[in-house]
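Each residue of the sequence shown is one higher than the one before, counting from 1 in UniProt numbering.
Here's the structure, in structure tokens; my notes come after.
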Amino acid sequence: MTDVIIFQEVNCNNGKKIGVITLNSPKSLNALSGDMAALLYPKLITWQQQKDIAAVFLQGEGEKAFCAGGDIVHLHGAMKKSVMKNNDAQVNNSTGSIIDKLKTENNFASEIEDYFTLEYQLDFLIHTFNKPFIVWGSGIVMGGGVGMLVGASHRIVTETSRIAMPEVGIGLFPDVGASYFLNKMPTGCGLFLALTGASINAADAKYCQLGDYFVEQRHKDDLLTQLTAINWGETIPLNHEKASQLLQAFEITSASKLPNSPLKDHQKLISHLVNNNDVSEILAAILSVETDDIWFSRAQKSLRRGSPLSAHIAYVQINRAKGMSLADCFRMELNLAVKSGYFGEFLEGVRALLIDKDNKPQWHYSSVELIEPEVIDWFFEAIWSKQQHPLANICPLS
1 MTDVIIFQEV NCNNGKKIGV ITLNSPKSLN ALSGDMAALL YPKLITWQQQ
51 KDIAAVFLQG EGEKAFCAGG DIVHLHGAMK KSVMKNNDAQ VNNSTGSIID
101 KLKTENNFAS EIEDYFTLEY QLDFLIHTFN KPFIVWGSGI VMGGGVGMLV
151 GASHRIVTET SRIAMPEVGI GLFPDVGASY FLNKMPTGCG LFLALTGASI
201 NAADAKYCQL GDYFVEQRHK DDLLTQLTAI NWGETIPLNH EKASQLLQAF
251 EITSASKLPN SPLKDHQKLI SHLVNNNDVS EILAAILSVE TDDIWFSRAQ
301 KSLRRGSPLS AHIAYVQINR AKGMSLADCF RMELNLAVKS GYFGEFLEGV
351 RALLIDKDNK PQWHYSSVEL IEPEVIDWFF EAIWSKQQHP LANICPLS
């Protein structure tokens, strides 16, 4: 049986080591499964404490993808059992019966809670990892892949990088810390990407603070070789500086290949479009733009196809998260993820796009105007007390 993750400790010239991690599931575009996360987390804890590990380098097997997201296909069965048993109100029943069920039933699927808890713990660990953490974010980087990329201290993007948070298209919401990092982007960009699931390139990633260094794909092997040649020091701050200096040198040699940034080009327009306190008016404004621009047109198309409920949740999520800590953002997202697994919208999105592949999801609501405030409120009502929350104890390691 092939290992889904390959761990290597590569010797450096001065006796230190680089911990190299390869996500090894190219057929699934290295989608992050629960098994993969369960292997990654303890290894990173070990390497963080292991004195001879100077830095960590995370990559995906093959050139198509770093990581195309979470392995949500495996969650479909658990969601189907939970939704079919507890929420037969999906699509066909009246609004009143849906709200009644949401208020009276809460038999959430434990598999959903377990998977997202582990994924978010992993993401938080990467965010707070003390040693240089280098991610090679080439090819497809979506959802759960973005969660691992964005938390790293040294985030590399290439000419093949195709980055997106496309959750509204599968009836979910932008997670893996998106509540936090989307709010750090230039004005309007985070909300726009959340609502549309638009794909961005390497230049966009640098512009909106998802990437730090642009390095051509062809330099990868040379970069790994030169990482082992660094005279790693005995202090973590010094090693961060050494990693940064090397990556800056590689970026200089690649600079001429950096593409244009459609996100930057459209930032003023985007900021104007989303400057509204009514989510329905924001969506209408985005869709009303008449343009021949391919990138913006694709964003409009994905918005039209996406779940209105997911778009509304994302809007509230991004606004609620302003000023929240990273840990609290993950706690809010776990609450949303568990409830999404129960409600049925996520199940339907996975069915339509990844199981039956008919690309014809039957969303609960045809527009955000039809969504009752009580439904949105339910998604954000806490499942657990602060003390009982599965992520109650996540914190930076000393």
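Ideal Cβ positions, reconstructed from N, Cα and C, are used throughout, including at glycine.
Here the structure is a predicted model, which means the values were calculated and not measured.
Query	Result
What's the C-alpha gap between residue 209 and residue 145?	15 angstroms
If you count every other CB in all the chains shown that lies within 10 Å of the CB of residue 370, and 16 or more means buried, which is it?	exposed
How long is the line joining the alpha carbons of residue 408 and residue 76, rounded to whole angstroms?	Within the shown structure, residues of the chain are numbered from 1 to 398, placing residue 408 beyond reach of any answer.
Taking the alpha-carbon of residue 248 as reference, which of 19, 47, 167, 134 has the nearest alpha-carbon?	134
Check residue 143 in the structure and name its three-state DSSP category.	coil
In the DSSP output, what is residue 154 paired with across the bridge?	134
Is the stretch 287-301 touching the stretch 370-390 in the sense that three or more CB pairs, one from each, lie closer than 8 angstroms?	no
Measuring straight from C-alpha to C-alpha, what distance separates residue 113 and residue 78?	11 angstroms
When the distance is taken between beta carbons, is residue 279 closer than 8 angstroms to residue 73?	no
Residue 186 to residue 267, Cα distance in whole Å?	8 angstroms
Taking Cβ positions, are residue 384 and residue 102 nearer each other than 8 angstroms?	no
Return the Cβ separation of residue 163 and residue 200 in integer angstroms, given the expectation that the two are a contact with Cβ distance under 8 angstroms.	5 angstroms
Taking only the alpha-carbon atoms, compute the straight-line gap between residue 80 and residue 68 and give it to the nearest angstrom.	23 angstroms
Less than 8 angstroms between the CB atoms is what I'm expecting for residue 139 and residue 64, so what's the real figure, rounded?	5 angstroms
Exposed or buried, which one is residue 262 when buried takes at least 16 other CB atoms within 10 Å?	buried
Taking 8 angstroms as the threshold, find out whether the stretch 108-124 comes into contact with the stretch 172-181 through three or more Cβ pairs.	yes
Among the residues of its own chain, which have a CB less than 7 angstroms from the CB of residue 190, if the five just before and after it don't count?	182, 183, 318
In whole angstroms, what separates the C-alpha of residue 380 from that of residue 224?	44 angstroms
Within the continuous beta strand (DSSP E) that includes residue 19, where are the two ends?	17-23
Can you check whether the CB of residue 216 is closer than 8 angstroms to the CB of residue 244?	no
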